[in-house]
Every structure is written in structure tokens, then in C-alpha cells.
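Mapping of the sequence shown onto the working numbering: position 115 corresponds to residue 678, and the numbering continues sequentially without gaps.
So the structure is just underneath, and the comments pick up after that.
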Amino acid sequence: MQPREVHRIRGELGAEAAAAEYDAELQDAQLDLVLLGIGADGHTASLFPDQPTLDERSRRAIPAEAKLEPFVDRVTLTVRALCSAPDVLFLVTGEQKAEAVGRAFGRPPDPRTPASLIRSASGRTRLVADVTAASRLVG
Numbered sequence: 564m565q566p567r568e569v570h571r572i573r574g575e576l577g578a579e580a581a582a583a584e585y586d587a588e589l590q591d592a593q594l595d596l597v598l599l600g601i602g603a604d605g606h607t608a609s610l611f612p613d614q615p616t617l618d619e620r621s622r623r624a625i626p627a628e629a630k631l632e633p634f635v636d637r638v639t640l641t642v643r644a645l646c647s648a649p650d651v652l653f654l655v656t657g658e659q660k661a662e663a664v665g666r667a668f669g670r671p672p673d674p675r676t677p678a679s680l681i682r683s684a685s686g687r688t689r690l691v692a693d694v695t696a697a698s699r700l701v702g
């Protein structure tokens with residue numbers, strides 16, 4: 564089955580221009596599924612802990628400063644855009660992610676753990692994690 568639409572981020576334009584173009588392209592788009600991972604620091608997409616990018620509410624795509632390698636221009640969807648999908652799925656593996664998974668899914672939302680801020684506004688949010696990544700979850 565082919566996707567109905569593919570919206571590629573044209574990173575070769577540079578972060579500012581690519582983000583502006585992508586934001587405009589997504590204005591009328593509806594995301595059906597968001598598939599995300601979680602970094603050991605709790606970041607997701609290129610939304611890093613305690614960054615001003617977490618507060619953006621008017622745009623869907625923005626430039627983001629790389630806080631981890633590779634230190635390259637980045638474009639990311641915003642919290643608002645990611646939460647707009649009816650299905651949000653986190654796929655996480657590895658012991659090095661256990662603490663971040665525990666913070667993201669076992670505690671209240673916190674900008675120190677951006678993954679904790681991403682929850683579907685209209686549907687469901689799921690976590691698929693291996694035993695080691697899920698080891699800090701209670702219950």
C-alpha cells in the first residue's frame with residue numbers, strides 16, 4: 564500500500580527555510596500516525612529538554628538546535644503538530660532509554676522530558692518498548 568501523501572522536509576535549504584516551507588506545506592495536512600522514539604535524555608523528534616521549541620504553538624514545523632550528535636541543521640514538528648495525530652506510537656529499545664521512558668510515561672508531563680509532552684489530543688498514545696527500556700515503569 565502506498566501512502567496517500569509524502570511530505571519531505573527539504574533540509575538542503577537550511578533549517579530556517581526548510582522549516583518555513585514545511586510549516587506552510589503542512590497547514591492543511593492531517594497526520595494519521597506519528598511514530599517516535601525517545602532519546603536517553605528524554606528528547607523526541609528534535610525537541611530537546613527545556614528548550615524554547617517546546618513552547619511553540621502557532622507553527623507545525625520549526626528549526627531546532629541540535630543538542631546531541633550529529634550537530635547538523637534540524638527541522639522538527641512541534642508539540643502541537645505531534646499531538647494532533649489520532650495515533651501516536653513510541654517505539655523504544657535498550658537499557659540506556661529506561662530512565663527516560665520512566666520519566667516520559669510514569670510521571671506527569673515535564674519540559675525536562677519532552678517525550679512526556681507528546682500525547683494524542685484526540686486518540687491514543689501507545690508505547691512499545693522492550694523489557695529493558697520499560698524496566699523503570701511501575702505497574
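Positions of the beta carbon are idealized from the N, C-alpha and C atoms, including for glycine.
Since we're looking at a predicted model, the values are computed, not measured.
Supposed contact pair residue j and residue i - C-beta distance, whole angstroms, cut 8 Å
i, j, result
"Val664", "Ile601", "6 Å"
"Ala578", "Asp636", "4 Å"
Contact check, residue i vs residue j, beta carbons under 8 Å
i, j, result
"Leu654", "Ala627", "no"
"Thr639", "Ala661", "no"
"Leu589", "Arg623", "yes"
Environment of residue i [buried if 16+ CB atoms lie within 10 Å]
i, result
"Phe668", "buried"
"Leu596", "exposed"
"His606", "buried"
Straight-line Cα distance separating residue j from residue i
i, j, result
"Arg675", "Asp591", "31 Å"
"Cys646", "Ala582", "18 Å"
"Arg519", "Glu575", "Past the boundaries of the shown model lies residue 519; the chain is included only from 564 to 702, so the question cannot be answered."
"Leu631", "Ala603", "11 Å"
Q. Which whole runs of the beta strand (DSSP E) in the stretch 635-690 are 3 residues long or more, in chain order?
A. 637-640 and 650-655
Q. Curious, which full-length alpha helix (DSSP H) runs of at least 4 residues does the stretch 598-623 contain?
A. Within the stretch 598-623, no complete alpha helix (DSSP H) segment of 4 residues or longer occurs.
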